[in-house]
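Asks: Reading the sequence shown from the start, the letters are residues 13 to 180 in this note's numbering.
Below you'll find the structure I mean.
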Amino acid sequence: DSRIHVTSIFGADQGEFFLHRNIANLVPPYSPDGKQHGTSAAIEYAVTALKVAHVIVLGHSSCGGVKGCLDMCTGHAPQLEEKSSFVGRWMDILRPGYEAIAGHHSDEDMPRALEKQAVLVSLENLMTFPFVKEAVESNQLSLHGLWTDIGEGGLENYDAERGEFVPV
13 DSRIHVTSIF
23 GADQGEFFLH
33 RNIANLVPPY
43 SPDGKQHGTS
53 AAIEYAVTAL
63 KVAHVIVLGH
73 SSCGGVKGCL
83 DMCTGHAPQL
93 EEKSSFVGRW
103 MDILRPGYEA
113 IAGHHSDEDM
123 PRALEKQAVL
133 VSLENLMTFP
143 FVKEAVESNQ
153 LSLHGLWTDI
163 GEGGLENYDA
173 ERGEFVPV
């Protein structure tokens, strides 16, 4: 999200992080179909060329992309269901996350829950990339799922052992 100054969250200077931003902070599953894939190309470059040691998926509150997915999945954005909608097809990446939590949260809590699901879906999808999986399994790469409340400034880290996001 353009409202988030990622480097300031970590006390880093410009240029210390390789950043890639997209709608809803999503990582698609690995798909070697020979077509253009901006996010997949950024992941490949970061992991194989730059040899980054950490990949962070940073979700955030009040995410318009996640709201669009929620609207699409609940029938409130039929235009996103059109096959010609680039945004709708991108939001389909998050549909499994929606399906995993549908009916488990109030209408008020659902956007935040889906924002966090976007992080988890992206972490799962990262592991479908063979070069990411290999780097993680050889302890050359660590994956991190974070969520920030852009209004309050809070930061949460996904704790896989506990199965939940915890304050940092």
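Virtual Cβ for every residue (Gly too), placed ideally from N, Cα, C.
Could you tell me the distance, in whole angstroms, from the CA atom of residue 56 to the CA atom of residue 83?
Replies: Using only the alpha carbons, I get a separation of about 31 angstroms.
Asks: Measure the alpha-carbon distance for residue 141 versus residue 51 and round it to whole angstroms.
Replies: Distance between the alpha carbons of residue 141 and residue 51: 12 angstroms.
Asks: Compute the beta-carbon to beta-carbon distance between residue 67 and residue 58, rounded to the nearest angstrom, for a pair I have assumed lies under 8 angstroms.
Replies: About 7 angstroms; that satisfies the 8 angstroms criterion.
Asks: Bridge partners for residue 170 per DSSP, in chain order?
Replies: DSSP, once it has assigned bridges, lists 177 as partnering residue 170.
Asks: Which partner residues of residue 157 appear in the DSSP bridge assignment?
Replies: 69.
Asks: Just to check my reading of the structure: residue 106 and residue 155 have Cβ atoms closer than 8 angstroms, yes? What is that Cβ distance to the nearest angstrom?
Replies: Going by Cβ atoms, the distance from residue 106 to residue 155 rounds to 18 angstroms, so no, they are not a contact pair.
Asks: Quick one: give me the first and last residue of the alpha helix (DSSP H) that residue 145 is part of.
Replies: Its alpha helix (DSSP H) spans residues 142-149.
Asks: CA-CA distance, residue 63 and residue 27?
Replies: When rounded, the distance between both Cα atoms is 15 angstroms.
Asks: Evaluate residue 95 with the Cβ neighbour count: other Cβ atoms within 10 Å of its Cβ, from every protein chain shown; 16 or more gives buried, anything less gives exposed.
Replies: Exposed, since its Cβ has fewer than 16 Cβ neighbours within 10 Å.
Asks: Is residue 101 helix, strand or coil by DSSP?
Replies: Helix at residue 101.
Asks: Taking all protein chains shown into account, do 16 or more other C-beta atoms lie within 10 angstroms of the C-beta of residue 128, making it buried, or fewer, making it exposed?
Replies: That one is buried.
Asks: Going by the CB atoms, is the gap between residue 158 and residue 196 shorter than 8 angstroms?
Replies: Because the chain here runs from 13 to 180, residue 196 falls outside it and cannot be looked at.
Asks: How many Å lie between residue 8 and residue 117 at the Cα?
Replies: Given that the chain is displayed from residue 13 to residue 180, the structure contains no residue 8 and the question cannot be resolved.
Asks: Classify residue 126: buried if its beta carbon has 16 or more other beta carbons within 10 angstroms, exposed otherwise.
Replies: It counts as buried.
Asks: If contacts are defined as beta-carbon pairs under 8 angstroms, then residue 74 and residue 162 qualify, I think. What distance do you get, rounded to the angstrom?
Replies: With a Cβ gap of about 6 angstroms, residue 74 and residue 162 count as contacting.
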